[in-house]
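Mapping of the sequence shown onto my numbering: residues 6 to 428, in sequence order. Even for Gly, the Cβ is constructed at its ideal location relative to N, Cα and C. Working notes, structure below.
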Amino acid sequence: PTAATAAAAQDTELAKPLLSEVLAPLLATLPDVTLMLAKFMPPPEEDRAGGEDADMVAAPDSGEGGVIDGYDTDGVKYHAGSWRDAVQVDWRELRVAPHAVRNDRQAVLGAVAKDERAFGYATDALKADRGFVIEAVRVRGEALRHAAPALRADRGVVLEAVAQDRFALRHADEAVRADPEVVAAAMKLSGHTLECHTQELAAKVHVVRQAGHSVDASVWQTKVRRDWRKLAEAPPDARDDRELVLEAVRESWGEALQFASVALKADREVVLEAVRLRGMSLEYASEELRGDVEVVRAATLQNWEALSLATEEARADRGLATEALIQHIDALKHVSEVLRADFDFMLRAVQRHGLALRFASEELRQNFDLALEAFNNDSLALRWMPKELQERVWEATGDPDPTHRRTTTRWLDVNVDVGGGGG
6 PTAATAAAAQ
16 DTELAKPLLS
26 EVLAPLLATL
36 PDVTLMLAKF
46 MPPPEEDRAG
56 GEDADMVAAP
66 DSGEGGVIDG
76 YDTDGVKYHA
86 GSWRDAVQVD
96 WRELRVAPHA
106 VRNDRQAVLG
116 AVAKDERAFG
126 YATDALKADR
136 GFVIEAVRVR
146 GEALRHAAPA
156 LRADRGVVLE
166 AVAQDRFALR
176 HADEAVRADP
186 EVVAAAMKLS
196 GHTLECHTQE
206 LAAKVHVVRQ
216 AGHSVDASVW
226 QTKVRRDWRK
236 LAEAPPDARD
246 DRELVLEAVR
256 ESWGEALQFA
266 SVALKADREV
276 VLEAVRLRGM
286 SLEYASEELR
296 GDVEVVRAAT
306 LQNWEALSLA
316 TEEARADRGL
326 ATEALIQHID
336 ALKHVSEVLR
346 ADFDFMLRAV
356 QRHGLALRFA
366 SEELRQNFDL
376 ALEAFNNDSL
386 ALRWMPKELQ
396 ERVWEATGDP
406 DPTHRRTTTR
416 WLDVNVDVGG
426 GGG
């Protein structure tokens with residue numbers, strides 16, 4: 006019996022290498038059996054030697070820290086080989102893996118490649134790591150549901166997930182699921198009906214409908230041609246459609262320019278078309294065009310108040326200011342302060358409208374020659390002169406008709422002698 010026992014033991018030792026070589030490929034597909042028979046399969050040489058994965062290798066079945074029913078004495082499941090290999094064979098191993106393994110990018114990513122549910126066992130640090138979450142959702146879109154709340158509300162992360170699996174949208178934050186462009190990105194991956202999209206993507210009906218319109222550009226073209234106001238709700242592609250925007254601008258008498266894309270608001274032809282129809286649409290033009298003299302001129306010819314929307318440089322243009330003044334004296338309040346402090350410019354202004362004196366700079370309103378010219382054009386200009394200048398101007402006008410004097414002083418609080426004497 007002793008000799009037989011010794012022979013059996015020797016045969017067992019000789020059979021171990023053969024058993025390991027023959028069963029290894031089969032056991033790789035049977036993770037549970039692998040774990041039960043792990044003690045017959047020694048770990049790879051690199052793990053025994055303390056390679057880069059040494060901290061992820063369970064203790065061998067020897068000594069006090071032996072394996073009891075598949076777990077070591079620390080309660081960690083025992084297996085042969087590295088944890089990275091184990092979780093790639095069976096992603097569920099990540100659930101019982103040490104913290105270091107659940108925080109290891111390569112190990113977690115390998116497990117996620119098997120099943121998105123593996124990401125649920127990763128550490129909170131990885132779930133909140135934007136770069137890693139993007140890597141994970143590119144492998145399995147629905148891994149998004151395990152990401153940190155802030156990343157489920159991150160439009161960029163959600164779009165990456167949706168590109169891999171449109172159903173990932175179901176796990177996005179409600180605000181992102183209300184974004185028609187994001188919903189449209191998911192819808193492009195399927196030709197399902199409105200009802201199906203609403204249920205599958207967990208999005209609201211009106212959002213899905215709007216997203217569907219953005220997928221089909223012709224729908225928006227029809228909507229905008231029927232009602233130019235729909236341009237406000239249109240997707241970027243429609244608002245950047247030059248011909249469509251021009252049609253809307255003409256239909257709305259220039260008002261639709263406010264809904265055009267940034268590029269079209271900087272398009273000189275489009276803006277000119279708008280301001281010729283409605284001068285105040287200059288408000289929606291790019292800053293560069295609001296400083297373009299010809300564009301501003303077209304706007305002010307339609308509405309002199311459009312001068313208020315021009316840049317400071319444009320409002321300092323003498324030609325523009327003069328043309329606006331011809332339309333209405335109040336246009337001077339929008340003229341650059343530089344011009345309102347310019348004697349020659351203001352002299353021409355008061356010669357045309359005596360009351361233009363009120364828009365002159367404080368210094369010019371104390372100028373006797375300018376004040377006299379304004380008074381000669383309109384006696385009511387006296388109201389806008391300093392007190393000390395009013396009497397001088399009054400006396401300098403000679404002896405006007407008494408009726409004229411009474412009319413003037415009835416409107417103005419001026420201390421003058423209507424009999425012809427001084428004040």
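| Asked | Found |
| --- | --- |
| Supposed contact pair Gly259 and Ser286 - C-beta distance, whole angstroms, cut 8 Å | 4 Å |
| Helix, strand or coil at Val340 according to DSSP, with G and I counted as helix | coil |
| Helix, strand or coil at Met351 [DSSP, three-state] | helix |
| Enclosing alpha helix (DSSP H) for Thr305 [first to last residue] | Val298 to Gln307 |
| Span of the alpha helix (DSSP H), counted from its first residue to its last, around Ala271 | Neither: Ala271 is in no alpha helix (DSSP H) and is coded neither H nor E. |
| 4 or more residues per run - each alpha helix (DSSP H) lying fully within the stretch 132 to 191 | 135 to 144, 154 to 157, 160 to 169 and 179 to 182 |
| Spatial distance of Leu360 from Ala379 (CA atoms) | 7 Å |
| Candidates Glu293, Leu314, Gly284 and Glu400: closest to Ala304 by CA position | Gly284 |
| Cβ separation of Ser366 and Arg388, assumed to be a contact under 8 Å, to the nearest whole Å | Going by Cβ atoms, the distance from Ser366 to Arg388 rounds to 17 Å, so no, they are not a contact pair. |
| Proximity of Met105 and Lys132 at Cβ, strictly below 8 Å | In the sequence as presented, Met is not what sits at residue 105; that position holds Ala. Not a contact, by the Cβ cut-off of 8 Å. |
| Cβ shell of Ala130 (< 8 Å), same chain only, five flanking positions each side left out | Asn108 |
| Beta-carbon contacts of His333 that lie in its chain and below 6 Å, excluding the five residues immediately before and after | Trp309 |
| Inter-residue spacing [alpha-carbon to alpha-carbon] between Arg234 and Leu277 | 20 Å |
| Nearest-angstrom Cα separation, counted from Ala102 out to Ala166 | 26 Å |
| Where Trp258 sits in the DSSP three-state scheme | coil |
| Per-residue DSSP class, three states only, for Glu205 | Below a pLDDT of 50, predicted positions are generally treated as unreliable, and Glu205, at 46, falls in that range; the measurement from the model is reported next regardless. Looking at Glu205 - three-state DSSP - the assignment turns out to be helix. |
| 7 Å CB neighbourhood of Gly115 in its chain, flanking five on each side removed | Arg89, Val92 and Gln93 |
| Terminal residues of the alpha helix (DSSP H) in which Asp374 lies | Phe373 to Asn382 |
| Residue from Gln263, Glu238, Arg230 and Pro240 whose Cα sits closest to the Cα of Glu248 | Arg230 |
| Ser498 (DSSP reduced to helix, strand or coil) | Because the chain in this structure spans residues 6 to 428, residue 498 falls outside the shown range and cannot be described. |
| Selected residue, minimal CA-CA separation from Tyr289, among Leu282, Leu312 and Ala265 | Ala265 |
| Coil, strand or helix - Asp335 by DSSP | helix |
| Uninterrupted alpha helix (DSSP H) stretches inside the stretch 102 to 135 (no shorter than 4 residues) | 104 to 107, 110 to 119 and 129 to 132 |
| Residues near Glu69 by beta carbon distance below 6 Å, same chain, minus five either side | With a pLDDT of 39 at Glu69, under the threshold of 50, the modelled position of that residue is not reliable, and no figure is offered here. |
| Beta-carbon spacing of Gln226, Ala237 below 8 Å | no |
| Reference Asp383, options Thr402, Gln371 and Leu149, closest by Cα | Thr402 |
| Pair within 8 Å by beta-carbon distance, Thr316 and Arg302 | no |
| Proximity to Ala321 [Cα-Cα], best of Ile331, Glu256 and Asp347 | Asp347 |
| Close Cβ partners of Glu147 (< 7 Å) along its chain, the five nearest in sequence each way excluded | Glu121, Asp170, Phe172, Ala173 and His176 |
| Beta carbon of Leu330 nearer than 8 Å to that of Ala311 | no |
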